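Here the structure is laid out as structure tokens; the discussion comes afterwards.
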Amino acid sequence: MPDVTLPASRRRVLAALGGAATALTGGCLRRVRTLAGWQSSQQVRLRIKTLPADADPYALKVARAVAGWFDAAGVDAGVVPMAEQELLRQTLLRNEFDLFVMRLPPRHRDPDALYALLHSRYADAPGWRNPFGYADLDVDDLLDAQRRTDGADRADVLGELQRTIARTQPFTVLVVPDDVAAARTDRFGNWRSVDLASPLGYLSLARAGDDGETTLRLAVTDRRATSNLNPLSVEFRRDGILTGLMYDPLGYDVRGEVRPWLAEAWWFVRDDPPVARVTIREGVTWHDGESLTPADVAFTYDLLADTALGGDGGDDDVPVPSPRFGGRTSLVDEVTVVDDRTVSVRFADVHPAVAPRAFTVPILPEHVWGDRTDPAGIGGIDFGPVTEALVTNNIPPVGSGPLRFVRNTPRESLVLERFDDHFLGSESVEDGGLPGSVGPPAFERLSVQVVGTDSTAVELVADGEADVTATPVGARTVPRIGRDEALELLVDDSDQPYVLGYNVRRPHLNNPRVRRILASLIDGEHLAETTFQGYGRPAVGPLWGTRWYPAEFAWAEADASPVTPFLGSDGDVDVERARSAFREAGYRYDDDRLVGGNA
Amino acid sequence: MTLLSVLLQVAVVVLAMHAVCLPAVVGVDGVRGSLGRFRANARSVAPTAVGLGVVLGVNKLVRDAGVELSWLVGANVTPTIHALEGRFVSQLQSVATPPVTTYFSFVYVFGYAFLLVFPIAIYALHDDDRPLRVALVAYSLNYLLGLVPYVLFVAYGPRNFMPELVESLLYTTWPQAQLLTGQVNANTNVFPSLHTSLAATVAFLAYRFRSAAPRWLPLAALLAASIAVSTMYLGIHWVTDVLAGIVLAAGSVELGLRLCDRSSREPSGSVTP
Numbered sequence: 001m002p003d004v005t006l007p008a009s010r011r012r013v014l015a016a017l018g019g020a021a022t023a024l025t026g027g028c029l030r031r032v033r034t035l036a037g038w039q040s041s042q043q044v045r046l047r048i049k050t051l052p053a054d055a056d057p058y059a060l061k062v063a064r065a066v067a068g069w070f071d072a073a074g075v076d077a078g079v080v081p082m083a084e085q086e087l088l089r090q091t092l093l094r095n096e097f098d099l100f101v102m103r104l105p106p107r108h109r110d111p112d113a114l115y116a117l118l119h120s121r122y123a124d125a126p127g128w129r130n131p132f133g134y135a136d137l138d139v140d141d142l143l144d145a146q147r148r149t150d151g152a153d154r155a156d157v158l159g160e161l162q163r164t165i166a167r168t169q170p171f172t173v174l175v176v177p178d179d180v181a182a183a184r185t186d187r188f189g190n191w192r193s194v195d196l197a198s199p200l201g202y203l204s205l206a207r208a209g210d211d212g213e214t215t216l217r218l219a220v221t222d223r224r225a226t227s228n229l230n231p232l233s234v235e236f237r238r239d240g241i242l243t244g245l246m247y248d249p250l251g252y253d254v255r256g257e258v259r260p261w262l263a264e265a266w267w268f269v270r271d272d273p274p275v276a277r278v279t280i281r282e283g284v285t286w287h288d289g290e291s292l293t294p295a296d297v298a299f300t301y302d303l304l305a306d307t308a309l310g311g312d313g314g315d316d317d318v319p320v321p322s323p324r325f326g327g328r329t330s331l332v333d334e335v336t337v338v339d340d341r342t343v344s345v346r347f348a349d350v351h352p353a354v355a356p357r358a359f360t361v362p363i364l365p366e367h368v369w370g371d372r373t374d375p376a377g378i379g380g381i382d383f384g385p386v387t388e389a390l391v392t393n394n395i396p397p398v399g400s401g402p403l404r405f406v407r408n409t410p411r412e413s414l415v416l417e418r419f420d421d422h423f424l425g426s427e428s429v430e431d432g433g434l435p436g437s438v439g440p441p442a443f444e445r446l447s448v449q450v451v452g453t454d455s456t457a458v459e460l461v462a463d464g465e466a467d468v469t470a471t472p473v474g475a476r477t478v479p480r481i482g483r484d485e486a487l488e489l490l491v492d493d494s495d496q497p498y499v500l501g502y503n504v505r506r507p508h509l510n511n512p513r514v515r516r517i518l519a520s521l522i523d524g525e526h527l528a529e530t531t532f533q534g535y536g537r538p539a540v541g542p543l544w545g546t547r548w549y550p551a552e553f554a555w556a557e558a559d560a561s562p563v564t565p566f567l568g569s570d571g572d573v574d575v576e577r578a579r580s581a582f583r584e585a586g587y588r589y590d591d592d593r594l595v596g597g598n599a
Numbered sequence: 001m002t003l004l005s006v007l008l009q010v011a012v013v014v015l016a017m018h019a020v021c022l023p024a025v026v027g028v029d030g031v032r033g034s035l036g037r038f039r040a041n042a043r044s045v046a047p048t049a050v051g052l053g054v055v056l057g058v059n060k061l062v063r064d065a066g067v068e069l070s071w072l073v074g075a076n077v078t079p080t081i082h083a084l085e086g087r088f089v090s091q092l093q094s095v096a097t098p099p100v101t102t103y104f105s106f107v108y109v110f111g112y113a114f115l116l117v118f119p120i121a122i123y124a125l126h127d128d129d130r131p132l133r134v135a136l137v138a139y140s141l142n143y144l145l146g147l148v149p150y151v152l153f154v155a156y157g158p159r160n161f162m163p164e165l166v167e168s169l170l171y172t173t174w175p176q177a178q179l180l181t182g183q184v185n186a187n188t189n190v191f192p193s194l195h196t197s198l199a200a201t202v203a204f205l206a207y208r209f210r211s212a213a214p215r216w217l218p219l220a221a222l223l224a225a226s227i228a229v230s231t232m233y234l235g236i237h238w239v240t241d242v243l244a245g246i247v248l249a250a251g252s253v254e255l256g257l258r259l260c261d262r263s264s265r266e267p268s269g270s271v272t273p
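Top to bottom, those sequences are chains A and B. Residue 352 in our numbering sits at position 352 of the first sequence, with consecutive numbering throughout. Residue 73 in our numbering sits at position 73 of the second sequence, with consecutive numbering throughout.
Next comes the structure, spelled out in structure tokens:
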């Protein structure tokens with residue numbers, strides 16, 4: 001058809017121009033202007049930004065599959081792979097994306113993590129704080145409400161919240177993967193019983209026999225930690241395990257319950273709003289020998305809330321909050337020093353059961369970070385001023401954690417060593433509710449070696465040059481790991497699902513109806529079976545696997561997402577169904593191309 | 001050390017290839033007779049060789065910084081390259097069989113190292129220092145000119161763009177090789193293919209100076225062609241990168257010849273091939 005219509009329309013234009021040339025009548029010009037007011041129709045074009053195959057075993061394949069399904073429905077869909085640092089910069093700092101395929105950062109099974117991820121107060125904030133630009137007043141109310149309740153009430157609110165999110169789809173959960181790793185059992189033995197997705201896992205490792213100096217050697221595909229160890233950096237942090245081993249939080253989340261760590265104990269002295277007294281362990285020192293004081297704790301919460309610390313007091317000073325830990329620090333109103341071992345934490349309007357999540361941020365030394373509150377000269381963040389604290393590479397880092405920095409070779413390696421003055425060496429943390437296996441590191445040193453891809457990482461472990469792969473490896477390496485008797489295959493279910501994020505600031509994607517149709521063009525079951533070879537499962541929301549996950553969100557059968565059922569079967573889109581869904585949403589088809597609904 | 005053992009393997013194999021090919025190409029008498037020539041040549045091209053060393057050092061430094069710079073100023077052209085050529089590489093991979101993969105993996109790592117070093121050896125034994133000088137200058141030009149597109153464009157190879165269609169054959173069959181290639185190159189620098197451009201440079205030089213080593217030409221041509229195909233077969237490069245690499249090679253050789261002619265016009269009469 002277009003072969004006929006195109007010349008015809010060209011003839012019309014020529015005729016109009018001819019008419020204009022012979023008789024410049026006002027009526028004709030008016031007609032041209034009126035016509036020009038109508039936008040010419042263009043195909044809906046979406047680009048998915050994601051990681052290359054070297055950096056992540058699945059992300060690119062998932063993005064390509066999603067683009068293929070969108071393509072089948074007439075969308076001009078394409079995939080743009082880019083280095084992780086650049087991807088985070090473009091998506092989380094500059095909002096330069098249509099769609100992204102990434103894993104959510106860790107600890108997104110805590111329902112309060114949704115607060116920073118989706119609250120509209122963060123729609124313009126950098127980092128993993130509402131990167132979608134999503135704003136829904138009902139969701140805002142529910143996010144606030146879940147912070148103020150506990151028990152059955154909170155479950156009701158969270159159920160309602162998850163249903164609203166699933167209905168409006170600011171992001172689509174693609175697959176909840178299993179993290180696969182290869183480990184050698186000749187030097188460390190208890191790999192299966194430790195959780196390598198948490199710093200505590202590394203502190204629970206036990207030697208397998210031989211004495212003497214031991215280095216725990218990690219093979220990773222993520223090179224960023226070799227050149228930046230700033231816990232506040234958005235672009236350089238993935239899971240925060242290495243920085244987590246160097247910086248202590250007041251408490252650790254152990255299976256949904258926050259347990260004292262750097263804090264000896266805390267107790268609530270008031271409930272509405274909650275006020276807690278936190279006692280810090282005795283005699284804790286920083287890696288440079290200075291002692292860790294309650295002033296450092298108070299300073300940390302001030303710094304995370306505003307890394308400029310109020311600036312020089314001028315009129316144009318706006319707070320520059322840390323893009324990481326933003327959700328957690330928003331629970332806190334004020335932290336004040338009580339005596340030489342105690343701080344008083346006054347919380348915002350939250351329930352005492354939710355409040356302790358604020359204790360899981362890393363505590364930073366005032367004598368180092370106090371000098372980093374000035375605006376930084378360069379940086380990737382365009383909106384608003386940037387402080388040195390957010391852009392420093394923080395090498396060498398001065399923390400208080402069980403491991404201390406030794407040296408780094410950018411892009412190649414990083415070496416840490418055991419910090420012998422850490423409280424783990426003198427105190428048992430067992431009675432605080434932490435796993436009994438947690439203790440001082442079973443190794444003198446920890447080394448990180450960067451390799452190109454997951455299969456090379458597995459090979460290093462197989463060759464005895466590394467003890468474990470510390471970034472997830474793909475399912476395709478499983479046979480290789482299984483064949484080798486020296487290797488142990490570790491499979492842990494992960495709390496970091498792969499998600500498709502929508503930039504709802506962009507045309508088409510600002511329409512929840514369109515996002516729902518796009519979500520129903522995704523066959524999560526098929527992805528889990530083929531791309532992940534069974535090492536993953538589809539889910540509706542990030543709270544999958546927790547007690548807060550609504551029962552009706554369980555997947556009853558293949559292809560049938562309980563919220564956005566796949567418009568097709570077995571990974572093949574039913575083109576007619578997809579088209580009628582888009583037509584119902586006000587879109588048109590020009591041949592096979594989906595054309596914008598604004599005409 | 002896995003990396004060291006890979007390096008050692010490459011060194012041993014390349015040396016062995018020299019031991020076989022040197023007598024075959026130059027002849028045993030030729031090798032014995034021209035050792036004196038070698039010393040004179042080494043002396044006369046020493047400044048050029050130092051120049052190549054400097055270029056390699058600068059190249060390494062600039063490329064490390066260049067990756068950062070590329071993300072800042074460069075254009076991500078991967079989707080454009082894909083739009084240009086589509087699924088050519090995955091079609092090429094459809095003929096994959098284990099022996100073919102072994103051949104191309106061998107050529108990509110060992111054949112390439114041999115191809116770059118061997119002409120230096122035979123030209124060093126030649127009566128005239130011009131082929132050696134031109135070869136060193138052409139190598140340097142490849143590295144120098146290649147830097148420009150590396151900074152201007154960010155491009156991932158097929159294996160990092162369409163992994164469901166293109167397998168990363170080298171790194172799945174021989175993962176240790178990546179420890180070596182990772183030292184040499186970043187995975188965002190695939191346009192143009194430096195593997196292809198240097199291989200093609202050697203082939204073009206072998207043709208230009210065929211009178212100096214007539215038996216080297218067919219071997220060089222075969223190896224260079226295999227290397228160009230291997231970069232695509234192994235999923236590392238696009239056909240666009242390979243074509244750009246050939247253009248870069250032709251330009252480097254042409255420019256190298258002119259530079260050497262200009263600098264050595266007055267003294268030793270040049271032997272035109």
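Each residue gets a CB set at the ideal place from its N, CA and C atoms; glycine is no exception. Every value quoted in this text rests on a predicted model; they were computed, and no experiment measured them.
Asked: Using 9 Å as the threshold, is the C-beta distance between PRO175 (chain B) and SER455 (chain A) below it?; Found: yes
Asked: Run the CB neighbour count on SER230 (chain B), radius 10 Å, all protein chains shown included, and call it buried at 16 or more, exposed below.; Found: buried
Asked: What's the C-alpha gap between TRP544 (chain A) and ASP492 (chain A)?; Found: 15 Å
Asked: Between the segment 90-107 of chain B and the segment 186-198 of chain B, can you find at least three pairs of beta-carbon atoms closer than 8 Å?; Found: no
Asked: Within the 9 Å Cβ cut-off, does VAL10 (chain B) reach chain A?; Found: no
Asked: Can you tell me which of A:VAL320, A:THR226, A:PRO441 puts its alpha carbon nearest to the alpha carbon of LEU216 (chain A)?; Found: A:PRO441
Asked: Going along chain E in order, which residues have a C-beta closer than 8 Å to the C-beta of GLU86 (chain A)?; Found: In the displayed structure, chain E is absent; the protein chains listed are A and B.
Asked: Can you tell me whether ARG148 (chain A) is helix, strand or coil according to DSSP?; Found: helix
Asked: Roughly how many whole angstroms lie between the Cα atoms of ALA358 (chain A) and GLY212 (chain A)?; Found: 39 Å
Asked: Cβ of TYR139 (chain B) less than 9 Å from any chain A Cβ?; Found: no
Asked: Over what stretch of residues does the beta strand (DSSP E) that includes VAL151 (chain B) continue unbroken?; Found: Premise fails: VAL151 (chain B) lies in the alpha helix (DSSP H), 130-152, not in any beta strand (DSSP E).
Asked: Distance cutoff 9 Å, beta carbons only. Does PRO2 (chain A) sit that close to anything in chain B?; Found: Here PRO2 (chain A) scores only 39 on pLDDT, less than 50, and its place in the model should not be relied on; the value that follows carries that caveat. PRO2 (chain A) does not count as touching chain B.
Asked: How long is the line joining the alpha carbons of PHE88 (chain B) and PRO163 (chain B), rounded to whole angstroms?; Found: 14 Å
Asked: Output, in chain order, the set of chain B residues within a Cβ distance shorter than 7 Å of MET82 (chain A).; Found: ASN76
Asked: Should THR453 (chain A) be flagged as near chain B, meaning a C-beta pair shorter than 9 Å?; Found: yes
Asked: Could you round the C-beta distance between ASP98 (chain A) and ARG506 (chain A) to whole angstroms and report it? I think they count as a contact, below 8 Å.; Found: 6 Å
Asked: Closest to GLY146 (chain B) by CA distance: which of B:VAL31, B:ALA16, B:ALA250, B:VAL13 is it?; Found: B:ALA250
Asked: Quick check for students: name the residue ranges of the alpha helix (DSSP H) that lie wholly in the segment 511-550 of chain A, counting only runs of 4 or more.; Found: 512-519, 524-529
Asked: Pull up the distance between the alpha-carbon of ALA75 (chain B) and that of THR387 (chain A), whole angstroms please.; Found: 28 Å
Asked: Using only the alpha-carbon positions, how far apart do PHE299 (chain A) and GLY432 (chain A) sit?; Found: 25 Å
Asked: Indicate whether VAL62 (chain B) and CYS260 (chain B) have their beta-carbon atoms separated by less than 9 Å.; Found: no
Asked: In chain order, what residues of the same chain have a beta carbon less than 6 Å from the beta carbon of PRO410 (chain A), not counting five sequence neighbours either side?; Found: THR226, SER227
Asked: Under three-state DSSP, which class holds ASP349 (chain A)?; Found: coil
Asked: Using the Cα positions of ARG45 (chain A) and VAL450 (chain A), report the straight-line distance between them to the nearest angstrom.; Found: 36 Å
Asked: Would you identify the three-state DSSP class for ILE381 (chain A), choosing helix, strand or coil?; Found: Only weak support exists for where ILE381 (chain A) lies, its pLDDT of 49 falling under 50; the coordinates are left without a value.
Asked: Going by C-alpha distance, which of B:MET232, B:GLY182, B:LEU169, B:TYR150 is nearest THR221 (chain A)?; Found: B:GLY182
Asked: Any idea which residues DSSP pairs PRO678 (chain A) with across the strands?; Found: Within the shown structure, residues of chain A are numbered from 1 to 599, placing residue 678 (chain A) beyond reach of any answer.
Asked: In chain B, which residues lie with their C-beta within 7 Å of the C-beta of LEU460 (chain A)?; Found: THR2
Asked: Show which residues of chain A have a CB atom less than 7 Å away from the CB atom of GLU85 (chain B).; Found: The premise fails here: GLU85 (chain B) is roughly 15 Å from chain A at the closest Cβ pair, so nothing lies under 7 Å.
Asked: Kindly examine the ligand GTP and report whether one of its heavy atoms sits closer than 8 Å to the Cβ of PHE171 (chain A).; Found: Although the ligand GTP was asked about, the structure shown includes no ligands whatsoever.
Asked: Are there three or more Cβ pairs, one per stretch, closer than 8 Å when the segment 78-95 of chain A is compared with the segment 288-296 of chain A?; Found: no
Asked: Could you confirm whether any beta carbon from chain A is found closer than 9 Å to the beta carbon of TYR171 (chain B)?; Found: yes
Asked: Thinking just about the alpha-carbon of each residue, which of A:ASP484, A:GLU417, A:SER322 is nearest to the one in ARG404 (chain A)?; Found: A:GLU417
Asked: Secondary structure at GLY501 (chain A), three-state DSSP: helix, strand or coil?; Found: strand
Asked: Between the segment 51-81 of chain A and chain B, which residues of the former have a C-beta closer than 7 Å to a C-beta of the latter?; Found: PRO52, ALA53, ASP54, LEU60, LYS61, ARG64, GLY78, VAL80, PRO81
Asked: Measuring CB to CB, does ASP467 (chain A) end up less than 9 Å from VAL458 (chain A)?; Found: no
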